[in-house]
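Take a look at the structure set out below.
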Amino acid sequence: MTLLAGLALQKATQYLQHLQTLAHLNVQLAQMAAQLVQMTLLADLALQKATQYLQHLQTLAHLNAQLAQMAAQLAQIALLAGLALQIAI
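Each residue of the sequence shown is one higher than the one before, counting from 1 in the UniProt record's numbering.
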């Protein structure tokens with residue numbers, strides 16, 4: 001009986017060690033999950049910022065096109081003014 005009790009105690013000790021190992025791994029897994037959540041939140045924020053940046057670039061490109069049109073119109077006005085000046089002289 002003492003041998004059986006000793007064997008049972010040994011098995012129980014091994015079982016508790018395995019449980020301790022599993023608990024430790026579970027803590028590590030929870031930490032990794034928390035890090036993954038943080039990384040996901042950071043990636044989402046980066047995506048939002050990139051989207052805003054692209055929207056700003058789109059706005060700047062539109063304004064640049066308008067500025068180019070205005071410059072072309074100003075060049076036409078300058079040519080017409082030069083022509084009018086030549087005619088007046």
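Heads up, the beta-carbon is just placed ideally off N, CA and C, and yes, glycines get one too.
Please read these numbers as outputs of a predicted model, since none were measured by experiment.
From the DSSP output, in three-state form, read off residue i for me.
i	result
isoleucine 89	coil
methionine 1	coil
Alpha carbon to alpha carbon, how far is residue j from residue i? Give it in angstroms, no decimals.
i	j	result
leucine 60	glycine 82	32 Å
alanine 88	alanine 75	20 Å
isoleucine 77	methionine 70	10 Å
leucine 22	glutamine 38	24 Å
leucine 3	lysine 11	12 Å
histidine 56	alanine 65	14 Å
methionine 1	leucine 9	12 Å
histidine 62	alanine 50	18 Å
Where in the stretch 9-56 do unbroken runs of the beta strand (DSSP E), each at least 3 residues long, occur, reported from the N-terminal end onward?
-> none
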